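S.K.: One structure coming up, written as structure tokens, with questions to follow.
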Amino acid sequence: MAILGLDQTLNSNSSSPRHASHQQRLRQEDAEEEEEKLLLKGVRHLCERGGITRLPARYVLPPSDRPAAPDQLPRTSGLIPVIDLVRLRAPAERAAALAELDAACRDYGFFQVVGHGLDDGGRGMLDVARRFFDLPFGERARHMSPDIRAPVRYGTSFNQLNDGVLCWRDFLKLVCDDLAAVVPSWPDAPADLREVVSAYARSSRRLFKELMEAALEALGISGPGAGEVLADCDAGSQMLMVNCFPACPEPDLTLGMPPHSDYGFLTILLQDQVNGLEVRHDDRWVLVDPLPGSLVVNVGDHFEMYSNGRYKSVLHRVRVNSSRSRISVASLHSLPPARVIGPAPELVNDENNPRRYMDTDFATFLDYLSSAEGKHKSFLQTRRLITS
Ligand SMILES: O=C(O)CCC(=O)C(=O)O
Ligand SMILES: [Fe+2]
Numbered sequence: 001m002a003i004l005g006l007d008q009t010l011n012s013n014s015s016s017p018r019h020a021s022h023q024q025r026l027r028q029e030d031a032e033e034e035e036e037k038l039l040l041k042g043v044r045h046l047c048e049r050g051g052i053t054r055l056p057a058r059y060v061l062p063p064s065d066r067p068a069a070p071d072q073l074p075r076t077s078g079l080i081p082v083i084d085l086v087r088l089r090a091p092a093e094r095a096a097a098l099a100e101l102d103a104a105c106r107d108y109g110f111f112q113v114v115g116h117g118l119d120d121g122g123r124g125m126l127d128v129a130r131r132f133f134d135l136p137f138g139e140r141a142r143h144m145s146p147d148i149r150a151p152v153r154y155g156t157s158f159n160q161l162n163d164g165v166l167c168w169r170d171f172l173k174l175v176c177d178d179l180a181a182v183v184p185s186w187p188d189a190p191a192d193l194r195e196v197v198s199a200y201a202r203s204s205r206r207l208f209k210e211l212m213e214a215a216l217e218a219l220g221i222s223g224p225g226a227g228e229v230l231a232d233c234d235a236g237s238q239m240l241m242v243n244c245f246p247a248c249p250e251p252d253l254t255l256g257m258p259p260h261s262d263y264g265f266l267t268i269l270l271q272d273q274v275n276g277l278e279v280r281h282d283d284r285w286v287l288v289d290p291l292p293g294s295l296v297v298n299v300g301d302h303f304e305m306y307s308n309g310r311y312k313s314v315l316h317r318v319r320v321n322s323s324r325s326r327i328s329v330a331s332l333h334s335l336p337p338a339r340v341i342g343p344a345p346e347l348v349n350d351e352n353n354p355r356r357y358m359d360t361d362f363a364t365f366l367d368y369l370s371s372a373e374g375k376h377k378s379f380l381q382t383r384r385l386i387t388s
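Counting from 1, position 66 in the sequence shown corresponds to residue 66 in the UniProt record's numbering; the numbering is continuous, with no gaps.
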């Protein structure tokens, strides 16, 4: 297909002309099918073919869903609270740091972590991720699967089963629940991927547990209740989403990820120097401008449910830009997949803090993702008992 032809096909209006002959309509249907197949190979592949000077129509959002041009955004450096783990680890400063953590989870649902002591600050992880996305398409495509349940999966967009408008994103999903068992099925190229990513996954899990320990203390949950949750964190579910957002020809018309919340307890996000994450706060989108070397952490749906609404799982989205490709690695942590999650009994009382969410489990979440409902509401909304 000629390069110009490709652009024209991708941008063309998909409805058939009224007087098109039967044969013309069939040809158009074939072309649309070919185009869809091409787009599902991902945005990296699309960009590598060259000649993409306009955003293909399948990625164009309706005007109300488009991101504001960057210069119209409020500057937000300093807005997302910073939690210093060095203070959290110092007995004399722990109480003050816990109060800050509690406020961040309540008021923002997001915070930045510094002083985390991660070996190389995550640089090795970002570097191997970049080299993975730089591999020839055929090498990446070995891991492609439309099955959202596949433990290793290279995919594109957000939820390709349900996306009406595609997102400008490719990703490698790696389930890390039982590392020793899953690592042999991970990509073997680049040659150091398995080693670097599994080391990062282990560090991220340690950080998750440390943050959960602190958050439970901040919530006033102690004794056997806290012990059980923390033991479950050790054997809990973990999923790495390694995201690649290539430079985009018309970034103001689309998004790298649509507004969504994360399903787990906490997500730990490592990102390169290119901004893109926007968080919903006070009814507006704010661009997160992270401190160099920090990790961004957010509360997920399971933690909002477990905390009976005290902590907020906040909508966030990713914008793309026209000049620089961006890499991020989200590590989504929760309790073991078989565990039923509902409000902690310590946080519910009939008088002034009634139960706000019904119990849920992982299977229900996966069913939701593959259902038509996944198009319209957040998973959390489907679990609410009290809507205010
Ligand atoms: O790339 C980012 O900044 C956010 C990624 C994200 O929200 C996710 O993978 O769930
Ligand atoms: Fe997310």
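For each residue, glycine too, the CB sits at the ideal point set by N, CA and C.
Computed from a predicted structure; not experimentally measured.
With 16 other CB atoms within 10 Å as the buried threshold, where does Phe137 fall?
M.R.: exposed
S.K.: Comparing C-alpha positions only, which one of Thr364, Phe303, Ile148, Glu346 sits nearest to Leu335?
M.R.: Phe303
S.K.: Beta strand (DSSP E) containing Asp107: first to last residue?
M.R.: Not the beta strand (DSSP E): Asp107 falls in the alpha helix (DSSP H), residues 91-107.
S.K.: If Gln271 sits next to Ser307, beta carbons under 8 Å apart, how far is it from one beta carbon to the other, in whole angstroms?
M.R.: About 26 Å separates the two Cβ atoms, so there is no contact after all.
S.K.: Considering Cα atoms alone, identify which of Asp120, Met125, Leu79, Arg89 is closest to Ala103.
M.R.: Leu79
S.K.: Let me check one thing: in DSSP terms, what residues is Val152 bridge-paired to?
M.R.: DSSP, once it has assigned bridges, lists Leu174 as partnering Val152.
S.K.: Between the C-alpha atoms of Ile52 and Gln238, what's the straight-line distance to the nearest angstrom?
M.R.: 36 Å
S.K.: So is Val196 in contact with chain C if we call contact Cβ pairs under 8 Å?
M.R.: Absence of chain C from the displayed structure is noted, only one protein chain being present.
S.K.: From the DSSP output, in three-state form, read off Met212 for me.
M.R.: helix
S.K.: What are the start and end residues of the alpha helix (DSSP H) that includes Cys47?
M.R.: 43-49
S.K.: Rounded to whole angstroms, what is the Cα-Cα separation between Leu207 and Gln24?
M.R.: 58 Å
S.K.: Would Cys176 be called buried (16 or more neighbouring beta carbons within 10 Å of its own) or exposed?
M.R.: buried
S.K.: Taking the beta strand (DSSP E) that Val296 belongs to, which residues open and close that run?
M.R.: 295-299
S.K.: Report the option in Phe110, Val43, Tyr357, Glu29 whose CA atom is closest to the CA atom of Lys312.
M.R.: Phe110
S.K.: Note down the Cα distance separating Thr267 from Ser261, rounded to an integer number of angstroms.
M.R.: 10 Å
S.K.: Taking 7 Å as the cut-off, is the C-beta of residue 392 nearer than that to any heavy atom in ligand 2?
M.R.: Lying before the first or after the last residue shown, residue 392 is absent from the chain, which here runs from 1 to 388.
S.K.: So is the beta-carbon of Ala330 under 7 Å away from any non-hydrogen atom of ligand 2?
M.R.: yes
S.K.: Measure the C-alpha to C-alpha separation of Leu126 and Ala330 and round it to an integer number of angstroms.
M.R.: 11 Å
S.K.: Taking the beta strand (DSSP E) that Glu278 belongs to, which residues open and close that run?
M.R.: Taken as a continuous stretch (DSSP letters only), the beta strand (DSSP E) holding Glu278 covers 277-281.
S.K.: Between which two residues does the beta strand (DSSP E) harbouring Ser370 extend?
M.R.: Note, Ser370: premise wrong, no beta strand (DSSP E); alpha helix (DSSP H) at 362-370.
S.K.: Indicate, with yes or no, if ligand 2 has a heavy atom lying under 7 Å from the CB of His302.
M.R.: no
S.K.: Taking Leu179 and Val242 to be in contact with their CB atoms under 8 Å, please state how far apart those CB atoms are, rounded to whole angstroms.
M.R.: Not really, about 16 Å apart at Cβ, beyond 8 Å.
S.K.: If we ignore side chains and look at the alpha-carbon of each, how far apart do Glu351 and Ala189 end up?
M.R.: 57 Å
S.K.: Looking at the structure shown, is Ala330 part of a helix, part of a strand, or coil, going by DSSP?
M.R.: strand
S.K.: Would you call the segment 206-222 and the segment 337-349 in contact, with 3 or more CB pairs under 8 Å?
M.R.: yes
S.K.: Do the CB positions of Val152 and Leu174 come within less than 8 Å of each other?
M.R.: A contact, by the Cβ cut-off of 8 Å.
S.K.: Would you mind reading off the limits of the beta strand (DSSP E) that contains Gln160?
M.R.: In the DSSP assignment, Gln160 falls outside any beta strand (DSSP E) and carries neither an H nor an E.
S.K.: Mark His22 as exposed unless 16 or more other C-beta atoms lie within 10 angstroms of its C-beta, in which case mark it buried.
M.R.: exposed
S.K.: Under 8 Å Cβ to Cβ from Val314, same chain only, skipping five residues before and after it: list those, please.
M.R.: Tyr108, Gly109, Phe110, Ser261, Val279, Arg280, His281, Asn298, Val299
S.K.: Just curious, the alpha helix (DSSP H) that Phe265 is in, first and last residue?
M.R.: Neither: Phe265 is in no alpha helix (DSSP H) and is coded neither H nor E.
S.K.: Quick one, are the C-beta atoms of Arg317 and Leu230 less than 8 Å apart?
M.R.: no
S.K.: List the endpoints of the continuous beta strand (DSSP E) containing His22.
M.R.: Note, His22: premise wrong, no beta strand (DSSP E); alpha helix (DSSP H) at 22-39.
S.K.: Do you know offhand how far Ser322's Cα is from Phe245's?
M.R.: So the two alpha carbons sit approximately 11 Å from each other.
S.K.: Could you compute how far the alpha carbon of Arg140 sits from the alpha carbon of Glu100?
M.R.: 42 Å
S.K.: When DSSP builds the beta bridges, which residues end up paired with Leu240?
M.R.: Leu174, Ser331
S.K.: What's the gap between the Cα of Ser294 and the Cα of Leu211?
M.R.: 15 Å
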